[in-house]
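Novice:
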């Protein structure tokens, strides 16, 4: 484990020297649905390719007419893995990149561009995500489990329905009662119903929390940030990334 931590320090230093012009063409090893509208794509990993758990890369499709159409996708694999994983929400009704991904298969190619991301683990805290905004936290929490440092980290996840919850079984196994869900369009016996509110957050968050990790659609993030302010959480505590 100590070796992994040393490797990550080196990885962080290397990333500071990466230029946005770096491009890597990788083949798809597998592609499949994990929910009705979410794909899991596994690709080759370029030699010496570096990222930190929580980071993302801009991706385009190596096909005529699509090479310059870049979209940000988060790594859901771990830095030491010999492959790359992406979990991607698709929008079949939109004539865009995610819709084009639905036409791809094994051995088709993607282009990886610059690595970026504001979310990096800074210590124990509360992760709050909306929908596919949970993807940066998948790699982080998997990495903490690898280091045996899950601790008392909590994950609060908002979705429309139970079927929309990504990585649900894995999060339940890793976090137990610290995996908290709320659904806005489906009532169940397992999870809370409605939107994230101050009253919903209050049992899980207080002024002693040192780190809040926030990722989701901009309206959701703005609302949660306001609620956190009302709960006396300082802005410097919030580490965020718009999804």
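Numbering (the numbering used here), first residue to last: 1343 to 1585.
Virtual Cβ for every residue (Gly too), placed ideally from N, Cα, C.
Only a predicted model underlies this, so the values are computations on that prediction, with no experimental measurement involved.
Only counting the same chain, and skipping five residues up and downstream in sequence, which positions put a Cβ closer than 6 Å to that of residue 1462?
Specialist: One-based indexing of the chain shown puts residue 1462 at position 120. Hits under 6 Å: 1394 and 1396.
Novice: Quick one: give me the first and last residue of the beta strand (DSSP E) that residue 1578 is part of.
Specialist: Translated into positions along the chain shown, residue 1578 becomes position 236. Residue 1578 -> no beta strand (DSSP E), and no H or E assigned at all.
Novice: I'd like the list of long-range same chain contacts for residue 1415, defined as Cβ closer than 7 Å, with 5 residues on each side in sequence excluded.
Specialist: Translated into positions along the chain shown, residue 1415 becomes position 73. Once the five neighbours on either side are set aside, the close Cβ partners of residue 1415 are 1398, 1399, 1401, 1428 and 1430.
Novice: Mind checking who residue 1500 pairs with in its DSSP beta bridge?
Specialist: Walking along the chain shown from the start, residue 1500 turns up at place 158. Paired residue(s): 1472 and 1524.
Novice: Skipping 5 residues on each side, what residues in its chain have a beta carbon closer than 6 Å to that of residue 1411?
Specialist: As a working mapping, residue 1411 is identified with position 69 in the chain shown. So the list reads 1402 and 1439, once near-sequence residues are dropped.
Novice: Reducing DSSP to helix, strand and coil, say where residue 1439 ends up.
Specialist: Counting from 1 along the chain shown, the entry for residue 1439 is found at position 97. Note: residue 1439 maps to helix in three-state DSSP.
Novice: Among the residues of its own chain, which have a CB less than 8 Å from the CB of residue 1365, if the five just before and after it don't count?
Specialist: Residue 1365 sits at position 23 when you count from the first residue of the chain shown. For residue 1365, where only same-chain residues beyond five positions count, the Cβ hits under 8 Å are 1453, 1454 and 1455.
Novice: Given this structure, state the Cα-to-Cα distance separating residue 1426 from residue 1374, to the nearest angstrom.
Specialist: Stepping through the chain shown from its first residue, residue 1426 is reached at position 84. Stepping through the chain shown from its first residue, residue 1374 is reached at position 32. Roughly 14 Å between the two C-alpha positions.
Novice: Can you grab the Cα-Cα spacing for the pair residue 1407 / residue 1544, in whole Å?
Specialist: Here residue 1407 refers to the residue found at position 65 when the chain shown is read from its first residue. Here residue 1544 refers to the residue found at position 202 when the chain shown is read from its first residue. Straight-line Cα distance between these residues: approximately 49 Å.
Novice: Under three-state DSSP, which class holds residue 1519?
Specialist: Within the chain shown, residue 1519 is the residue found at index 177, counting from 1. Three-state DSSP puts residue 1519 in a helix.
Novice: Between 1466, 1464, 1367 and 1551, which lies nearest to residue 1639 when the distance is taken from Cα to Cα?
Specialist: Summary: the structure shown does not reach residue 1639, with the chain confined to residues 1343 through 1585, and so no result is reported for it.
Novice: Starting from residue 1570, trace the alpha helix (DSSP H) both ways and give me its first and last residue.
Specialist: Here residue 1570 refers to the residue found at position 228 of the chain shown. Where residue 1570 is concerned, the enclosing alpha helix (DSSP H) stretches over 1560-1572.
Novice: Where does residue 1358 fall in DSSP's three states?
Specialist: Along the chain shown, read from residue 1 onward, the residue named residue 1358 stands at position 16. Because the pLDDT at residue 1358 is just 46, under 50, the model does not fix this residue reliably, and the point stays unresolved.
Novice: For the 8 Å Cβ check, are there 3 or more pairs between the region 1498-1506 and the region 1519-1530?
Specialist: The region 1498-1506 vs the region 1519-1530: in contact.
Novice: Can you say whether residue 1387 is buried or exposed, counting buried as having 16 or more other CB atoms within 10 angstroms of its CB?
Specialist: Stepping through the chain shown from its first residue, residue 1387 is reached at position 45. So residue 1387 counts as buried.
Novice: Measuring alpha carbon to alpha carbon, tell me which of 1435, 1565, 1371 and 1492 ends up nearest residue 1446.
Specialist: Walking along the chain shown from the start, residue 1446 turns up at place 104. Comparing Cα-Cα distances from residue 1446 to each of 1435, 1565, 1371 and 1492, the minimum goes to 1371.
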